[in-house]
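Participant:
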Amino acid sequence: TPEEVQEKEQNCKDCVVALVTVEKNDDIEKTSSGLSEEVAKMCQDVGHKNVVILPFAHLSNNLAKAKDGIKIVSLIEEGLKKEFNVMRAHFGSHKELLLDIYGHPGNARYREF
154 TPEEVQEKEQ NCKDCVVALV TVEKNDDIEK TSSGLSEEVA KMCQDVGHKN VVILPFAHLS
214 NNLAKAKDGI KIVSLIEEGL KKEFNVMRAH FGSHKELLLD IYGHPGNARY REF
């Protein structure tokens, strides 16, 4: 079930982008806190204070229910807002994404929680 789109277009520069997929057996608290900590570490590594949380179902064929996915990305957003400028894309509908990735070690990372 898609969330209502609040903003038709969102833009962010000099940011860490986290593509988040929530799976059926993911623990809500453990997953959200683990991912929040990892994204914060990535921001510190690259020296950026801007974060984009992007719900992205295309990394799994074992997806959680929409309400659980929304809960996890919302908790990640809230956890990171204490220290970073956070933008969260809406959950469950079409998104376009244009990335210009800065070339340095660790500029693209994969994590599972």
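Quick note, in our numbering, the sequence shown goes up one by one and the last residue is 266.
Even for Gly, the Cβ is constructed at its ideal location relative to N, Cα and C.
1) Using the Cα positions of H211 and K166, report the straight-line distance between them to the nearest angstrom.
2) With H, G and I counted as helix, E and B as strand and the rest as coil, what does DSSP make of I206?
3) Tell me the rounded alpha-carbon separation between S246 and K194.
4) Taking the straight line between their C-alpha atoms, what separation do you get for K220 and S227?
5) Got a sec? Which residues, its chain only, sit under 6 Å from L172 by beta carbon, not counting five neighbours each side?
6) Starting from L216, trace the alpha helix (DSSP H) both ways and give me its first and last residue.
7) The beta strand (DSSP E) with I188 in it runs from where to where?
8) How many angstroms separate the CA atom of G259 from the CA atom of E157?
9) Tell me the DSSP secondary structure of T160 in three-state form.
10) Per the contact definition of three or more C-beta pairs closer than 8 Å, is the stretch 176-184 in contact with the stretch 231-247?
11) With burial defined as no fewer than 16 other Cβ atoms inside 10 Å of the residue's Cβ, what is the status of L188: buried or exposed?
Facilitator: The structure says:
1) For the purposes of this step, residue 211 is taken as residue 58 along the sequence shown, with counting starting at 1. For the purposes of this step, residue 166 is taken as residue 13 along the sequence shown, with counting starting at 1. Each residue's alpha carbon lies about 24 Å from the other.
2) Within the sequence shown, numbered from 1, the residue matching residue 206 stands at position 53. DSSP, read as helix, strand or coil, puts I206 in strand.
3) As a position in the sequence shown, residue 246 is number 93, starting the count at 1. As a position in the sequence shown, residue 194 is number 41, starting the count at 1. Distance between the alpha carbons of S246 and K194 is about 29 Å.
4) On the sequence shown, residue 220 is found 67 positions in, with the first residue counted as 1. On the sequence shown, residue 227 is found 74 positions in, with the first residue counted as 1. Roughly 10 Å separates the two Cα atoms.
5) Numbered from its first residue, the sequence shown carries residue 172 at position 19. The answer, listed in chain order, is L207 and F209.
6) As a working note, residue 216 is residue 63 in the sequence shown. Segment: none, L216 is in no alpha helix (DSSP H) and carries neither H nor E.
7) The residue given as residue 188 occupies position 35 in the sequence shown. The question names Ile, but residue 188 in the sequence shown is Leu. No beta strand (DSSP E) holds L188; the alpha helix (DSSP H) holding it covers I181 to V199.
8) For the purposes of this step, residue 259 is identified with residue 106 of the sequence shown, where counting begins at 1. For the purposes of this step, residue 157 is identified with residue 4 of the sequence shown, where counting begins at 1. Each residue's alpha carbon lies about 34 Å from the other.
9) Here the question's residue 160 lines up with position 7 in the sequence shown. Going by the sequence as given, residue 160 is Glu instead of Thr. In the structure shown, E160 falls within a coil segment according to DSSP collapsed to helix, strand and coil.
10) The stretch 231-247 vs the stretch 176-184: no contact.
11) Translated into positions along the sequence shown, residue 188 becomes position 35. So L188 ends up on the buried side.
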